[in-house]
Amino acid sequence: MNADITELRDFYATRLGEAAVRSVAMALGPIWKPIPQERLVGIGYAIPYLDKLATDSERRLAFMPAAQGAVNWPVHQPSLTALVHPAELPLGDACIDRILMVHALEFAESPTEMLSEAWRVLAPGGRLVLVLPSRRGVWTRFEHTPFGSGRPWSRTQATQLLRETMFTPSGFSDALHFPPFRRAGLLNIAPLWERMGRRGWPIFCGAIILEATKLVYRGIPVTHREKQRLRRLRPVLLPHGAPALHR
Numbered sequence: 010m011n012a013d014i015t016e017l018r019d020f021y022a023t024r025l026g027e028a029a030v031r032s033v034a035m036a037l038g039p040i041w042k043p044i045p046q047e048r049l050v051g052i053g054y055a056i057p058y059l060d061k062l063a064t065d066s067e068r069r070l071a072f073m074p075a076a077q078g079a080v081n082w083p084v085h086q087p088s089l090t091a092l093v094h095p096a097e098l099p100l101g102d103a104c105i106d107r108i109l110m111v112h113a114l115e116f117a118e119s120p121t122e123m124l125s126e127a128w129r130v131l132a133p134g135g136r137l138v139l140v141l142p143s144r145r146g147v148w149t150r151f152e153h154t155p156f157g158s159g160r161p162w163s164r165t166q167a168t169q170l171l172r173e174t175m176f177t178p179s180g181f182s183d184a185l186h187f188p189p190f191r192r193a194g195l196l197n198i199a200p201l202w203e204r205m206g207r208r209g210w211p212i213f214c215g216a217i218i219l220e221a222t223k224l225v226y227r228g229i230p231v232t233h234r235e236k237q238r239l240r241r242l243r244p245v246l247l248p249h250g251a252p253a254l255h256r
């Protein structure tokens, strides 16, 4: 089941959506290392976070899955959004410095293909940042937020998938420690709930955030001596009855 673009847009236009953006942006702060003149791509529905985090980027794009739909962004400016297939991004190899995935991996038909495609377009040493609904969080139990749809993840599951797709996990954070209140009066105390949750019950956060670095394997040259040793160890078939000296 994919998120619908109108539902995502409408959620982030509410006070609860604004509180969610503040919580996630605060959690992204410690792991969002500055990259001068970076080329940044948001996949899924990353627009609210790109507005806060990508103010000094050289280039930024918002790629939205075809099953989700797309909206124009930025408002009243030339559009930087594109409707894409997550496993076939319209980019060349190794041309992006950082990818931010929000409301993307939990809806993917094949998370492995999505991350493999992200690996392809990232430059060597490029960063991938995932914002995922937490399997243990309260937010996954309420359908009035996009974090309550799709497949929730645990930190262990996400880390294993990153390593299988040749990424090295390099940072972790968590967000959405307050319950997904919709009443204005309860939302007023959301910052207090957030601070208490970070200290008291971080394991029950609503979203987990992982940063990973593109791992590029480097071949190791084989010396002449090593080649000779490997050649001597190569099995040889001898006819039955050959002298033991030649075996």
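Take the sequence shown: its position 155, counting from 1, is numbered 164 in the working numbering, and each next residue is one higher. Where a beta carbon is used, it is the ideal one built from N, C-alpha and C, also for glycine.
**Study point:** Straight-line Cα distance separating alanine 132 from tyrosine 21
**Key:** In the sequence shown, residue 21 corresponds to position 12, counting from 1. In the sequence shown, residue 132 corresponds to position 123, counting from 1. Answer to the nearest angstrom: the Cα atoms are 31 Å apart.
Practice item. Taking only the alpha-carbon atoms, compute the straight-line gap between arginine 31 and phenylalanine 187 and give it to the nearest angstrom. Key: Along the sequence shown, one-based indexing puts residue 31 at 22. Along the sequence shown, one-based indexing puts residue 187 at 178. Arginine 31 and phenylalanine 187: Cα-Cα distance of roughly 12 Å.
Review point. Between the C-alpha atoms of glutamate 203 and arginine 129, what's the straight-line distance to the nearest angstrom?
Key: Your numbering for residue 203 matches position 194 in the sequence shown. Your numbering for residue 129 matches position 120 in the sequence shown. Glutamate 203 and arginine 129: Cα-Cα distance of roughly 36 Å.
Point to revise | Assumed close pair threonine 222, threonine 177 - CB separation to whole angstroms, cut-off 8 Å | key: Position 213 of the sequence shown holds residue 222. Position 168 of the sequence shown holds residue 177. Yes, they are in contact, since the Cβ atoms of threonine 222 and threonine 177 sit about 5 Å apart, within 8 Å.
Review point. Can you find at least 3 beta carbon pairs, one from the segment 110-130 and one from the segment 54-67, that sit closer than 8 Å?
Key: Cβ pair count under 8 Å is three or more, so yes.
Exercise for review: Please classify tryptophan 210: is it buried, with 16 or more other beta-carbons within 10 angstroms of its beta-carbon, or exposed?
Suggested key: As a working mapping, residue 210 is identified with position 201 in the sequence shown. Under this definition tryptophan 210 is an exposed residue.
Practice item. Rank Gly135, Leu141, Arg48, Gly78 by C-alpha distance to the C-alpha of valine 225 and give the top, closest one. Key: To locate residue 225, count along the sequence shown from 1; it is residue 216. Closest option to valine 225, Cα to Cα, is Gly135.
Exercise for review: Take the Cβ of aspartate 183 as the centre, count every other Cβ of all protein chains shown within 10 Å, and call the residue buried at 16 or more, exposed below.
Suggested key: Within the sequence shown, numbered from 1, the residue matching residue 183 stands at position 174. Classification of aspartate 183: buried, given that the 10 Å Cβ count is 16 or more.
Check your understanding: Buried or exposed: where does proline 45 fall if 16 or more other Cβ atoms within 10 Å of its Cβ makes it buried?
Key -> As a working mapping, residue 45 is identified with position 36 in the sequence shown. Exposed: under 16 other Cβ atoms inside 10 Å.
Point to revise | Reference arginine 207; option with closest CA among Ala28, Ala36, Ala96, Gly101 | key: Start at 1 with the first residue of the sequence shown, and residue 207 comes out as number 198. Considering only alpha carbons, the answer is Ala36.
**Study point:** Start and end residues, alpha helix (DSSP H) containing threonine 121
**Key:** What you label residue 121 is simply residue 112 of the sequence shown in a count that begins at 1. Residues 120-130.
Practice item. Quick one: residues in its chain with C-beta nearer than 6 Å to the C-beta of threonine 149, no 5 flanking neighbours on either side, listed in chain order? Key: As a position in the sequence shown, residue 149 is number 140, starting the count at 1. Cβ neighbours of threonine 149 beyond the five flanking positions: Pro142, Gly157, Pro161.
Exercise for review: Using a threshold of 7 Å, state whether the C-beta atoms of tyrosine 98 and glutamate 126 are closer than that.
Suggested key: Start at 1 with the first residue of the sequence shown, and residue 98 comes out as number 89. Start at 1 with the first residue of the sequence shown, and residue 126 comes out as number 117. A small fix is needed here, since residue 98 is leucine in this sequence, not tyrosine. In this structure, glutamate 126 lies closer than 7 Å to leucine 98 by Cβ.
Review point. Can serine 66 and leucine 49 be called in contact, C-beta distance under 7 Å?
Key: The residue you call residue 66 lines up with position 57 of the sequence shown. The residue you call residue 49 lines up with position 40 of the sequence shown. Yes, the Cβ-Cβ distance between serine 66 and leucine 49 is below 7 Å.
**Study point:** Alpha-carbon spacing of arginine 227 relative to leucine 17, whole angstroms
**Key:** Counting from one through the sequence shown, the residue named residue 227 turns up at place 218. Counting from one through the sequence shown, the residue named residue 17 turns up at place 8. Unreliable positioning characterises arginine 227 in this predicted model, as indicated by a pLDDT of 47, which lies under 50. The coordinate reading is nonetheless provided below. Straight-line Cα distance between these residues: approximately 41 Å.
Review point. Between the beta-carbon of leucine 72 and the beta-carbon of alanine 91, is there less than 7 Å?
Key: In the sequence shown, the residue the question calls residue 72 occupies position 63. In the sequence shown, the residue the question calls residue 91 occupies position 82. First, the residue type needs correcting, since residue 72 is phenylalanine and not leucine in the sequence shown. Against a cut-off of 7 Å, the Cβ pair of alanine 91 and phenylalanine 72 comes out as a contact.
Review point. So what does DSSP say about arginine 208, is it helix, strand or coil?
Key: Start at 1 with the first residue of the sequence shown, and residue 208 comes out as number 199. Here arginine 208 sits in helix by DSSP.
Point to revise | DSSP-derived helix/strand/coil call for glycine 228 | key: Numbered from its first residue, the sequence shown carries residue 228 at position 219. Summary for glycine 228: the model assigns pLDDT 47, below 50, so the residue's position carries little reliability; its value from the coordinates is reported in the next sentence. Note: glycine 228 maps to coil in three-state DSSP.
**Study point:** Proximity winner among Pro74, Ala63, Leu62, Glu220, relative to valine 140 (alpha-carbon distances)
**Key:** Within the sequence shown, the letter at position 131 stands for residue 140. That would be Glu220, whose Cα lies nearest to the Cα of valine 140.
Point to revise | Nearest-angstrom beta carbon gap, valine 147 and phenylalanine 213 [assumed within contact, 8 Å] | key: Here residue 213 refers to the residue found at position 204 of the sequence shown. Here residue 147 refers to the residue found at position 138 of the sequence shown. Contact holds; Cβ gap of about 7 Å.
Review point. What is the rounded straight-line gap between the Cα of glycine 101 and the Cα of proline 155?
Key: On the sequence shown, position 92 is the one that residue 101 refers to. On the sequence shown, position 146 is the one that residue 155 refers to. Their Cα atoms are separated by approximately 31 Å.
Review point. Beta-carbon separation of arginine 69 and leucine 62 under 7 Å?
Key: Working through the sequence shown from its first residue, we reach residue 69 at position 60. Working through the sequence shown from its first residue, we reach residue 62 at position 53. No, these two residues do not count as a Cβ contact at 7 Å.
Review point. Who are aspartate 1's beta bridge partners in DSSP?
Key: Look at the range of the chain in this structure, 10 to 256, and you will see that residue 1 is not part of it.
Check your understanding: Do you know how far the Cα of threonine 165 is from the Cα of leucine 137?
Key -> Your numbering for residue 137 matches position 128 in the sequence shown. Your numbering for residue 165 matches position 156 in the sequence shown. Distance between the alpha carbons of leucine 137 and threonine 165 is about 17 Å.
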